[in-house]
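Numbering (this note's numbering), first residue to last: 1 to 598.
Note that the Cβ used here is the ideal one computed from N, Cα and C, for glycine as well.
In this text, all values refer to a predicted model and were calculated from it rather than measured experimentally.
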Amino acid sequence: MPPSSLILSRRDLEFLLHEWLDVESLLERPQYAEHSRETFDAVLELAERIATEHFAPHNRTADENEPRMVDGRVELIPEVSRALKVFADAGLMAGEFDEQFGGMQLPHVVGQAVFAWFKAANVGTAAYPFLTMANARLLLAHGSREQIDTYVGPMVEGRWFGTMALSEPQAGSSLADITTRAERQDDGTYRLTGNKMWISAGDHELTENIVHLVLAKVPGGPPGVKGISLFVVPKFLVRDDGSLGERNDVVLAGLNHKMGYRGTTNTLLNFGEGVHTPGGRAGAVGHLVGEEHRGLTYMFHMMNEARIGVGMGATALGYTGYLHALEYARTRTQGRPPTDRNPSAPPVPIIEHTDVRRMLLAAKSYVEGGLALGLYCARLVDEEQTAGSEADRARAHLLLEMLTPIAKAWPSQWGPVADDLAIQVHGGYGYTRDYPVEQFYRDNRLNPIHEGTNGIQALDLLGRKVVMQDGAGLRLLAGTIAATTARAAGTDWAGFAVDLDAAVDRLTRVTATLWGVGDPAVTLANASAYLEAAGHVVVAWLWLEQALATAGRTSDFHEGKRAAARYFARYELPTVHTRLDLLESLDRTVLDLPESWL
1 MPPSSLILSR
11 RDLEFLLHEW
21 LDVESLLERP
31 QYAEHSRETF
41 DAVLELAERI
51 ATEHFAPHNR
61 TADENEPRMV
71 DGRVELIPEV
81 SRALKVFADA
91 GLMAGEFDEQ
101 FGGMQLPHVV
111 GQAVFAWFKA
121 ANVGTAAYPF
131 LTMANARLLL
141 AHGSREQIDT
151 YVGPMVEGRW
161 FGTMALSEPQ
171 AGSSLADITT
181 RAERQDDGTY
191 RLTGNKMWIS
201 AGDHELTENI
211 VHLVLAKVPG
221 GPPGVKGISL
231 FVVPKFLVRD
241 DGSLGERNDV
251 VLAGLNHKMG
261 YRGTTNTLLN
271 FGEGVHTPGG
281 RAGAVGHLVG
291 EEHRGLTYMF
301 HMMNEARIGV
311 GMGATALGYT
321 GYLHALEYAR
331 TRTQGRPPTD
341 RNPSAPPVPI
351 IEHTDVRRML
361 LAAKSYVEGG
371 LALGLYCARL
381 VDEEQTAGSE
391 ADRARAHLLL
401 EMLTPIAKAW
411 PSQWGPVADD
421 LAIQVHGGYG
431 YTRDYPVEQF
441 YRDNRLNPIH
451 EGTNGIQALD
461 LLGRKVVMQD
471 GAGLRLLAGT
481 IAATTARAAG
491 TDWAGFAVDL
501 DAAVDRLTRV
511 TATLWGVGDP
521 AVTLANASAY
531 LEAAGHVVVA
541 WLWLEQALAT
551 AGRTSDFHEG
561 KRAAARYFAR
571 YELPTVHTRL
581 DLLESLDRTV
591 LDLPESWL
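(1) The alpha helix (DSSP H) with Arg191 in it runs from where to where?
(2) Could you give the distance in angstroms between the alpha-carbon of Thr163 and the alpha-carbon of Gly202?
(3) So who's on the other strand from Val212, going by DSSP bridges?
(4) Where Val590 and Ser596 are concerned, what is the direct C-alpha to C-alpha distance, given to the nearest angstrom?
(5) Let me know the beta strand (DSSP E) ranges lying completely inside the segment 265-319, each 3 residues or longer, listed in chain order.
(6) Do we get a CB-CB distance below 8 Å when we pair Val466 with the residues of chain D?
(7) Using the C-alpha atoms, what's the distance from Leu252 back to Met197?
(8) Applying the criterion that 16 or more other CB atoms from any shown protein chain within 10 Å of the CB defines a buried residue, is Arg579 buried or exposed?
(9) Starting from the C-beta of Arg562, find all residues in its chain whose C-beta is less than 8 Å away, skip the five residues before and the five after it, and write them out in chain order.
(10) Identify, in the order they occur along the chain, each residue of the same chain with its Cβ nearer than 7 Å to the Cβ of Leu288, setting aside the five sequence neighbours on each side.
(11) Helix, strand or coil: how does DSSP classify Pro610 here?
(12) Taking only three categories from DSSP, how would you classify Thr575?
(13) Can you tell which of Ala94, Arg442, Trp543 has its C-alpha closest to the C-alpha of Ala314?
(14) Can you tell me whether Ser4 is buried or exposed? The criterion is at least 16 other CB atoms within 10 Å of its CB, across all chains shown.
(15) Going by beta-carbon coordinates alone, are Cys377 and Leu360 separated by less than 8 Å?
(16) Quick check for students: name the residue ranges of the alpha helix (DSSP H) that lie wholly in the segment 490-522, counting only runs of 4 or more.
(17) For Ile77, which residues from the same chain have a beta carbon less than 7 Å from its beta carbon, with the 5 sequence-adjacent residues on both sides left out?
(18) Within 10 angstroms of the Cβ of Leu507, are there 16 or more other Cβ atoms? Answer buried if so, exposed if not.
(19) Is Leu175 helix, strand or coil by DSSP?
(20) Whole angstroms are fine: how far does the CA of Ala534 sit from the CA of Arg332?
(21) Applying the criterion that 16 or more other CB atoms from any shown protein chain within 10 Å of the CB defines a buried residue, is Asn266 buried or exposed?
(22) Beta-carbon separation of Leu244 and Asn209 under 8 Å?
(23) Answer yes or no: do Leu542 and Pro405 have a C-beta to C-beta separation smaller than 8 Å?
(24) For the 8 Å Cβ check, are there 3 or more pairs between the segment 342-357 and the segment 366-377?
(25) Tell me whether Phe339 sits in a helix, a strand or coil according to DSSP, three-state version.
(26) If contact is defined by three or more beta carbon pairs under 8 Å, each pair taking one atom from either stretch, is the segment 172-191 in contact with the segment 205-220?
(27) Within this structure, are the beta carbons of Ala564 and Val437 separated by less than 8 Å?
(28) Which partner residues does Ala182 have in the DSSP bridge list?
(29) Mapping the DSSP letters down to three states, classify Ala563 as helix, strand or coil.
(30) Using the Cα positions of Ala83 and Thr125, report the straight-line distance between them to the nearest angstrom.
(31) For a test of the three-state rule: what should DSSP assign to Met133, helix, strand or coil?
(32) Roughly how many angstroms lie between the CA atoms of Gln413 and Pro234, to the nearest whole one?
(33) Which residues in the same chain have their Cβ closer than 6 Å to the Cβ of Met1, if we skip the five residues on either side of it in sequence?
(34) Can you name the start and end residues of the alpha helix (DSSP H) that Arg487 belongs to?
(35) So, for Gln147: in the same chain, excluding its five sequence neighbours on each side, which residues have a beta-carbon less than 8 Å away from its beta-carbon?
(36) Counting beta carbon pairs with one atom in the segment 416-436 and one in the segment 388-395, are three or more of them shorter than 8 Å?
Okay, here's the thing in structure tokens:
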């Protein structure tokens, strides 16, 4: 039977949330006590309907009619604004926020499942609320009471949108080298001057105001990242009564023209150019968040959320590509089985060809594994925030810290592979604009780049996370996986568990070898291989978890889960050892490569 939706699988979300992660157990906590399974399912059904009716229909249109800069303003197709109004009016912008801010107080894991529908349906339009919700959560965590009262409410209502402005033309991901300055003023505000590059949703006419969270350096501060501060810089200044005042000195200098993800404006912004002069003075008016020189610490609150969200977006794009390929393979007829040499026999649906089934099963293992990873991390956020004991909250926090670079990078690597396979299943048609899978691939290609490239995630994992607290995060991850493999003993999955235990043990030993060499350059030279190995170990563990959750169930859906788990165990998990062989050898091929040889 064809899937009920080509955007995402509601059945898979139901399995992950209810049969595996047991989100109903969260209802026992005061934060979520007003909810029920029925309310969770109702919000998910609402998300599917709005994503299907208002986001998906203009996905191709937005790709073919990317944002334009006309007379210093951004022009977008009108469908973007209409879809976002439906989204906000339905209360989905406020879904995870507390009731005092007009929110539904949904668990984070449910909120992430809800938002996955929109990323899969139209990632370009979905980026505007995605960034806004992360912006509002950062201010709730680190902003002053006045900043929360001024900015959070309008963003949660969808009247204002938010951004994060980190990168600069000359700095990129190297935030230590940013040059945007923030000068203290006598009235307690700051005046910012500088340029910011690659700012998603940095300018548009979709909302009354745009709330920029901007990294800048206050003169006299320490060098490097220790001198970075964080500022709220609205496009329009806000009066004491909440109404909008004069235009701030933030100017759209240009739009970047992207390979994919075209529905989201991507901007170069100039701060303090003097085009607008609030109060008769040049310089963008900014309000310090928290304390001076702690800006990067605060911004990581938003960046870490964004990194997990990027991984979810990569999974969602891979997932919709997989579903489109699956439908195509079931309906496209071509060729005959190798056992039937009768040329007059009718051609068969291509899904009957073994290699097509291989590609579909591979893609299924990547996207369903990635979705499990993203929702597991979202469930850890709920544990971190609402678990009954401090020990449980601390455990969830440590495990989430350990998994965040993997949750961003693994789906960002393998989600595009799923879309690549979707193109391959379509054959020549997939390489044309007549079918949507080529756009899914182009859109997904951004995910290994933004919110910290996968190479940066690799350095974070091997250079920081596995050694933090004297290796406590890695030990916790290994112990958590061991608890799963112990449950698999005596089941049909015992062999998978043995192989997984061996991979975890070897990953731990190779980690010790890498850090025992005493030379950080050698240790980190092949960090990307380490990230790939660790990511595959983690996703193999989550496939074992899913396989165990299917026990006693014999539907086609559950059989499909078991088939994907077997695929990952037999085709993917063994590749971990090739990467670990390289790491264990302390290979210097790349480290010792002179530039002149390239």
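With the given structure in hand:
(1) Working through the sequence shown from its first residue, we reach residue 191 at position 191. Careful: Arg191 lies outside any alpha helix (DSSP H), inside the beta strand (DSSP E) at 190-200.
(2) As a working mapping, residue 163 is identified with position 163 in the sequence shown. As a working mapping, residue 202 is identified with position 202 in the sequence shown. Rounded to whole angstroms, Thr163 to Gly202 spans 6 Å at the Cα level.
(3) Within the sequence shown, the letter at position 212 stands for residue 212. Per the sequence presented here, residue 212 reads as His, with Val not at that position. His212 is bridged to Thr163, Val233.
(4) Within the sequence shown, residue 590 is the residue found at index 590, counting from 1. Within the sequence shown, residue 596 is the residue found at index 596, counting from 1. Just so you know, the alpha carbons of Val590 and Ser596 end up roughly 13 Å apart.
(5) The qualifying runs are 266-271, 284-288.
(6) Of the protein chains in the structure, only one exists, and it is not chain D.
(7) Residue mapping note: residue 197 aligns to position 197 of the sequence shown, counting from 1. Residue mapping note: residue 252 aligns to position 252 of the sequence shown, counting from 1. Near 10 Å, if we compare the C-alpha coordinates of Leu252 and Met197.
(8) Locating residue 579 in the sequence shown gives position 579, where the first residue counts as 1. By the neighbour-count rule (16 or more Cβ atoms within 10 Å), Arg579 is buried.
(9) Walking along the sequence shown from the start, residue 562 turns up at place 562. Cβ neighbours of Arg562 beyond the five flanking positions: Ala547, Thr550.
(10) Translated into the one-based positions of the sequence shown, residue 288 becomes position 288. Result list for Leu288: Tyr190, Ser229, Phe231, in chain order.
(11) Residue coverage of the chain in this structure runs from 1 to 598, which leaves residue 610 outside it and unanswerable.
(12) By one-based count along the sequence shown, residue 575 stands at place 575. Three-state result, Thr575: helix.
(13) For the purposes of this step, residue 314 is taken as the residue at position 314 of the sequence shown. The shortest Cα separation from Ala314 among Ala94, Arg442, Trp543 belongs to Arg442.
(14) Within the sequence shown, numbered from 1, the residue matching residue 4 stands at position 4. Of the other Cβ atoms in all chains shown, fewer than 16 fall within 10 Å of the Cβ of Ser4; this residue is therefore exposed.
(15) For the purposes of this step, residue 377 is taken as residue 377 along the sequence shown, with counting starting at 1. For the purposes of this step, residue 360 is taken as residue 360 along the sequence shown, with counting starting at 1. Cβ atoms of Cys377 and Leu360: not closer than 8 Å.
(16) Listed in chain order, the alpha helix (DSSP H) runs fully inside the segment 490-522 are 494-516, counting runs of at least 4 residues.
(17) By 1-based counting over the sequence shown, the position of residue 77 is 77. For Ile77, where only same-chain residues beyond five positions count, the Cβ hits under 7 Å are His58, Thr61, Ala62, Asn65.
(18) Sequence index remark: in the sequence shown, residue 507 carries index 507 (1-based). The Cβ neighbour count for Leu507, taken over all protein chains shown within 10 Å, is at least 16; the residue is labelled buried.
(19) Taking the first residue of the sequence shown as position 1, residue 175 is located at position 175. If DSSP states are grouped into helix, strand and coil, Leu175 belongs with the helices.
(20) As a working mapping, residue 332 is identified with position 332 in the sequence shown. As a working mapping, residue 534 is identified with position 534 in the sequence shown. Near 38 Å, if we compare the C-alpha coordinates of Ala534 and Arg332.
(21) Taking the sequence shown and counting its residues from 1, one reaches residue 266 at position 266. Under this definition Asn266 is a buried residue.
(22) As a first step, residue 244 must be located in the sequence shown, where it is residue number 244. As a first step, residue 209 must be located in the sequence shown, where it is residue number 209. For Leu244 and Asn209, yes; Cβs fall inside 8 Å.
(23) Looking up residue 542 in the sequence shown gives position 542. Looking up residue 405 in the sequence shown gives position 405. Taking 8 Å as the Cβ cut-off, Leu542 and Pro405 do not qualify as a contacting pair.
(24) Touching, no.
(25) Here residue 339 refers to the residue found at position 339 of the sequence shown. Reading the sequence as shown, one finds Thr at residue 339 and not Phe. Here Thr339 sits in coil by DSSP.
(26) At 8 Å Cβ cutoff, the stretches touch.
(27) Looking up residue 564 in the sequence shown gives position 564. Looking up residue 437 in the sequence shown gives position 437. Result no, Cβ atoms of Ala564 and Val437 do not sit closer than 8 Å.
(28) Residue 182 sits at position 182 when you count from the first residue of the sequence shown. Ala182 pairs with Leu192.
(29) As a working mapping, residue 563 is identified with position 563 in the sequence shown. In the three-state DSSP reduction, Ala563 falls in the helix class (H, G or I).
(30) Residue 83 sits at position 83 when you count from the first residue of the sequence shown. Residue 125 sits at position 125 when you count from the first residue of the sequence shown. In this structure, the straight-line span from the alpha carbon of Ala83 to that of Thr125 is close to 8 Å.
(31) Locating residue 133 in the sequence shown gives position 133, where the first residue counts as 1. Secondary structure of Met133 (DSSP, three-state): helix.
(32) Looking up residue 413 in the sequence shown gives position 413. Looking up residue 234 in the sequence shown gives position 234. Whole-angstrom Cα-Cα distance: 35 Å.
(33) For the purposes of this step, residue 1 is taken as the residue at position 1 of the sequence shown. Any answer about Met1 is weak, because its pLDDT of 41 lies below 50 and its placement is not dependable; what the coordinates show is given next. Apart from sequence neighbours up to five positions away, no residue of its chain approaches Met1 with a beta-carbon distance below 6 Å.
(34) For the purposes of this step, residue 487 is identified with residue 487 of the sequence shown, where counting begins at 1. Residues 472-488.
(35) The sequence position of residue 147 within the sequence shown is 147, counting from 1. Leu139, Val232, His287, Val289, listed in sequence order.
(36) Too few Cβ pairs lie closer than 8 Å, so no.
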